[in-house]
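Numbering (my numbering), first residue to last: 926 to 1410.
All residues carry an ideal CB built from backbone N, CA and C; glycine is no exception.
Contents: one structure, followed by commentary.
Below you can see the structure in the form of structure tokens.
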């Protein structure tokens, strides 16, 4: 049984846009200003992050157009390097990137939702610190877990139903962001003088270090630009629609992010914004008056919900692809007989994502996710160059390629080094999750050899009912849109 190609161009753009526009744009600028106490540099971070997101997305999309299958970078890394590298990427996506992003969005939603009713309800029952990160249990965690469960159930009923829900969230998200920007410039109390007393660009090494430190939370805010590659197997006409969805969604998000953050940074002097993890609400109060706080908070909650839905759709397909290759629990490769959803992967993802809900500080999750994601993205961005050397051809063209890809890789290396220097505890957690993939890989490899699943013992009705669909370890994923030269 195969995944169905059900996503049209609008569905693909909707999924990309919703996965990119999550909690980051509403919380991270406050963190940026604690690193770069300069609004011009903070805005430059958002512009730089947009260019890097587009460059990275183009590289991923080129590989996706050659291998339009579920699993995204897991598939490309297996073909470009080896199964162990692919497994490491899948493990990072499972253990940190998607699962922690789901949790971060859920907790951010919960905290914002509680402020709509009574902020005093945001209390903790338990709290403990371990290896530099604080873990806790409170009302926000319980509400966040319930939210993840709701969207897991939605996705259980298949990609068609989930994408309709996703489109609903995305349509109002786009309208809301466009309205915020339009009203901000028309009637908002913004003041460009807040930028005038600061330098435009860094003039020394320390300044560039601060700029890169500020780019770290921005990098997190743009995460999701690779979402379409995880569901490439379910995209109609992938050779055209993957490319178009990447261009449209990344350009739209970059444009909106820069305008939104210009309004944030011009709404008040920097001392009122630095370190504020609810800067979206705070800046809106300065722009339009405190009377809009409830409306803005409700909209931010809506955006968070759309992000959770998108992450759940994409993440579950990675575990499905790993299991289909025999490098994860075989049951994760099963599809539901009626809804064609990877329902066991969805259940596993729900249970695992709940664990990250117990991380108390949103900022800690943000930096941990960014470190592990950049490690993965750096090696994945190089895969189209490897495929090109192997003469795998397609019609997909990247503007500025391959220099844009090399620039993206270099920028990631610099940001990782800066993250390791400035946020060592979170960075080391990210590296730790990466290294843990090695023994896990050999565990699943040995399990695969010790307990093979003979395909001839699985009846045809069982396969039709959502049975296993495992690809042999050394069998390459079939080349769909590219042909060997």
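Taking 7 Å as the cut-off, decide whether the C-beta atoms of residue i and residue j are in contact.
| i | j | result |
| --- | --- | --- |
| residue 1041 | residue 1198 | no |
| residue 1209 | residue 1116 | no |
| residue 1173 | residue 938 | yes |
| residue 1087 | residue 1238 | yes |
| residue 1248 | residue 1255 | yes |
| residue 1074 | residue 1062 | no |
| residue 1031 | residue 1072 | yes |
| residue 967 | residue 1154 | no |
| residue 1278 | residue 1027 | yes |
| residue 1010 | residue 1002 | yes |
| residue 1240 | residue 1274 | yes |
| residue 1000 | residue 994 | yes |
| residue 1065 | residue 1098 | no |
| residue 1085 | residue 931 | yes |
| residue 1106 | residue 1029 | no |
Kindly give me the distance between the Cβ atoms of residue i and residue j, rounded to whole angstroms, as I take these residues to be in contact under 8 Å.
| i | j | result |
| --- | --- | --- |
| residue 904 | residue 1301 | The structure shown does not extend to residue 904, since the chain is modelled only from 926 to 1410, so the question has no answer here. |
| residue 956 | residue 1142 | 5 Å |
| residue 1060 | residue 1291 | About 16 Å; that fails the 8 Å criterion. |
| residue 1244 | residue 1019 | 6 Å |
| residue 1362 | residue 1021 | That pair is no contact at about 11 Å. |
| residue 975 | residue 1179 | 3 Å |
| residue 1149 | residue 981 | That pair is no contact at about 11 Å. |
| residue 1205 | residue 952 | 7 Å |
| residue 1025 | residue 1294 | 5 Å |
| residue 1414 | residue 1128 | Coverage of the chain is limited to positions 926 through 1410, which leaves residue 1414 absent and any answer about it impossible. |
Starting from residue i, trace the beta strand (DSSP E) in both directions and tell me its first and last residue.
| i | result |
| --- | --- |
| residue 1062 | 1058 to 1063 |
| residue 1322 | No beta strand (DSSP E) holds residue 1322; DSSP gives it neither H nor E. |
Could you tell me if residue i is buried or exposed, where buried requires 16 or more neighbouring beta carbons within 10 angstroms of its beta carbon?
| i | result |
| --- | --- |
| residue 940 | buried |
| residue 1162 | exposed |
| residue 1265 | buried |
| residue 1043 | exposed |
| residue 1263 | exposed |
| residue 1219 | exposed |
| residue 1200 | exposed |
| residue 1267 | buried |
| residue 943 | buried |
| residue 1113 | buried |
| residue 1203 | buried |
| residue 1233 | buried |
| residue 1393 | Low per-residue confidence applies at residue 1393: pLDDT is 34, beneath 50, and the placement is therefore not dependable, though the value from the model is reported in the following sentence. So residue 1393 ends up on the buried side. |
| residue 1176 | exposed |
| residue 1320 | exposed |
| residue 1377 | At residue 1377, the pLDDT of 49 sits below 50, so the modelled position is not reliable; the number obtained from the coordinates is stated separately. It counts as exposed. |
| residue 1348 | buried |
Report the three-state DSSP secondary structure of residue i (helix, strand or coil).
| i | result |
| --- | --- |
| residue 1161 | coil |
| residue 1051 | strand |
| residue 1260 | coil |
| residue 1284 | strand |
| residue 932 | strand |
| residue 1126 | coil |
| residue 1202 | coil |
| residue 1150 | coil |
| residue 1115 | coil |
| residue 1208 | helix |
| residue 1331 | helix |
| residue 1275 | helix |
| residue 1306 | coil |
| residue 1083 | coil |
| residue 1255 | helix |
| residue 1315 | coil |
| residue 1267 | coil |
| residue 1193 | coil |
| residue 937 | helix |
| residue 995 | coil |
| residue 1183 | helix |
| residue 1103 | helix |
| residue 1228 | helix |
| residue 946 | coil |
| residue 1414 | No information on residue 1414 is available, as it lies outside the stretch 926 to 1410 that the chain covers here. |
| residue 1156 | coil |
Could you pull the start and end residues of the alpha helix (DSSP H) that residue i belongs to?
| i | result |
| --- | --- |
| residue 1216 | Segment: none, residue 1216 is in no alpha helix (DSSP H) and carries neither H nor E. |
| residue 1035 | 1023 to 1042 |
| residue 1351 | 1349 to 1360 |
| residue 1131 | 1130 to 1146 |
| residue 1014 | 1008 to 1017 |
| residue 965 | 964 to 991 |
| residue 1005 | 998 to 1005 |
| residue 952 | 949 to 960 |
Confirm the yes/no value for this check: CB of residue i, any heavy atom of the ligand FAD, distance under 6 Å.
| i | result |
| --- | --- |
| residue 1249 | Absence of the ligand FAD from the depicted structure is noted, as is the absence of any ligand whatsoever, leaving it without description. |
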